[in-house]
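Remarks on the structure that follows.
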């Protein structure tokens with residue numbers, strides 16, 4: 004499984020304009036709603052923020068992996084965003100977030116696909132070459148190419 008298998012082209016957001024973690028999650032929730040992956044943007048947003056209240060998903064190096072297991076999810080997916088400016092995210096290393104992988108998980112999904120997806124993303128994010136490439140990507144096509152490797 005490649006990361007691109009988890010992210011459709013319409014779920015790649017370049018130049019996300021958000022000033023806060025909450026604004027970024029809200030805008031990405033709306034995008035997931037518009038793309039019919041969730042059926043209630045506000046409800047999903049609340050579920051993700053509840054998860055965020057337990058511990059930060061800012062894993063460091065300018066990257067966050069927020070996720071929500073929510074009854075509002077029609078189909079489990081991942082949405083990728085690259086922000087226009089760094090966002091304070093209470094990251095483990097104190098860095099501002101520029102790259103977001105938001106996971107939307109349907110709790111009725113059978114198996115542990117969401118855990119496999121999270122593990123796949125996390126393992127790729129340990130690769131410095133991958134991280135550098137994704138940070139330097141300027142177009143959706145470049146992101147797709149990087150996520151396809």
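In my numbering, the protein residues as written are 4 to 152.
Ideal Cβ placement from N, Cα and C applies to all residues, glycine included.
Helix, strand or coil at residue i [DSSP, three-state]
i           : result
residue 23  : strand
residue 43  : coil
residue 53  : helix
residue 111 : coil
residue 82  : strand
residue 87  : strand
residue 10  : coil
Backbone CA spacing between residue i and residue j [nearest angstrom]
i           : j           : result
residue 132 : residue 41  : 33 Å
residue 116 : residue 108 : 9 Å
residue 9   : residue 120 : 7 Å
residue 25  : residue 152 : 31 Å
Beta-bridge pairing of residue i - partner residues as DSSP gives them
i           : result
residue 70  : 106
residue 76  : 41
residue 97  : DSSP, once it has assigned bridges, lists no residue as partnering residue 97.
residue 153 : With the chain covering 4 to 152 only, the question about residue 153 has no answer from this structure.
Nearest neighbour of residue i, chosen from the options [CA to CA]
i           : options          : result
residue 62  : 105, 11, 10      : 105
residue 39  : 103, 125, 31, 77 : 77
residue 28  : 68, 7, 57        : 68
residue 139 : 85, 97, 122      : 85
residue 59  : 14, 99, 145, 94  : 94
CB contact check: residue i to chain B, cutoff 9 Å
i          : result
residue 72 : The structure shown contains no chain B, having only a single protein chain.
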